[in-house]
Amino acid sequence: MRNGRNAVPGRLVRFKQVDVFTSVPFKGNALAVVFDADSLGDDAMLEIARWTNLSETTFVCTPTDPEADYRVRIFTTAGELPFAGHPTLGTAHAFLESGARPRTPGRLIQQCGVGLVALREQADGWAFAAPPARVTPLDRSDYAALAAALRSDAIDLEAEPCAVDNGAPWLVVRLKSADACIGLSPDPAALEALTHRYGMDGLAVYAPHAEGGPATFEIRCLMTGGNFGFGEDPVTGSANAALAGLLTRQERRPGPSYTARQGTAIGRDGRIFVSYAEDGTTWIGGDVVTVVDGTFLSPV
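Numbering (the UniProt record's numbering), first residue to last: 1 to 300.
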């Protein structure tokens, strides 16, 4: 109740909860989007993110860069991230659905912790330009530790395992088959130790599907602490951006575009659409659907 002796201090804030990388509610990766967030401080944002208890919650603010359409701050339950992929797509969807208009039709510029991120409207929805990444190959002396941590003999070492940081730090490893990827059951403690040795907060493991399969690649993202927290992320834009860039670096692109499936092992069915532009930009796209639309009582 808002009145009488049960009145609670605070203000009503516009809020959406969207499902990203899916057109079917509850099959993608949920994201909370909080509007009109300029007055919220760091502590309030973290408190709200812990209350939503989703992998990420975003806060839409007035941009400080004149080129940006909006500014977004991205929080997990553990802290703030400079960039994340599914929050980028989900926030853009919520921003446009709320009635906002892009400065340039068919284009958006998001301001976030890594700077400005471009988004464009495509035939299959919106996509973001993958930000630049720092890539560090895994030392060969750690290959045995990697196999032990993954508890797998299906690692494809012809594709060099690499630590990739595009604002979200992932250790990217290729397996030999999609079935091996779906069935992977790593040693959590060993995986945490190995990823943290390289300054990464999670493992992005991927593998090719057979020709005619549901997607080009199967991918799973296992979070090992830091600002990621722990557990398996249902569908992950930043990791797919990291993978797309690594495929270019390793000259392993399957073509000018491809599709990745993620979330299978935990009952989700996410789809990520990747395309390589002639100008060198890598675009990461997917569907977004709104599940909750309303207001909530802000703590401040």
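Where is the CB? At the ideal position from N, CA and C, for every residue including glycine.
Remember, it's a predicted structure, so these values are computed and weren't measured experimentally.
- In this structure, the beta-carbon distance from N166 to A241 falls below 8 Å.
- The beta carbons of A163 and L81 sit no closer together than 8 Å.
- Along the length of the stretch 152–198, whole alpha helix (DSSP H) runs at least 4 residues long occupy 178–182 and 188–197, reported in chain order.
- R71 and K16 have their alpha carbons spaced roughly 17 Å apart.
- Going by DSSP, F95 is part of no beta strand (DSSP E) but of the alpha helix (DSSP H) stretching over G85 to E97.
- Counting along the chain, the unbroken beta strand (DSSP E) around I284 starts and ends at T282 to G285.
- Closest in alpha carbon position to A147, among D187, Q111, A123 and D124, is D187.
- Shown here for V292: same chain residues with a beta carbon closer than 6 Å to its own, the five before and five after excluded, namely Q17 in chain order.
- Within its own chain, the residues whose Cβ lies closer than 8 Å to the Cβ of D142, once the five positions on either side in sequence are excluded, are L194 and R197, listed in chain order.
- Checking the DSSP bridge columns, you'll see F230 partnered with T224.
- In this structure, DSSP gives T62 a state outside helix and strand, which the three-state scheme calls coil.
- In the DSSP annotation of this structure, the continuous segment of the beta strand (DSSP E) that includes A118 starts and ends at G115 to Q122.
- Here T77 carries a coil assignment [DSSP, helix/strand/coil].
- The shortest C-alpha to C-alpha distance from H93 to any of P132, T224 and F35 is the one to F35.
- DSSP, read as helix, strand or coil, puts A149 in helix.
- Straight-line spacing of the CA atoms in D269 and T136 works out to 30 Å.
- Closest in C-alpha terms to W283, from the list T88, G212 and G115, comes T88.
- Per DSSP, reduced to three states, the secondary structure at T264 is helical.
- Taking every protein chain shown into account, the CB of D153 has fewer than 16 other CB atoms within 10 angstroms, so this residue is exposed.
- In this structure, the CA atom of R271 is about 26 Å from the CA atom of G226.
- In the three-state reduction of the DSSP assignment, S23 falls in the coil class, being assigned neither a helical nor a strand state.
- For S39, there is no enclosing beta strand (DSSP E), as DSSP marks it with neither H nor E.
- Secondary structure of N240 (DSSP, three-state): helix.
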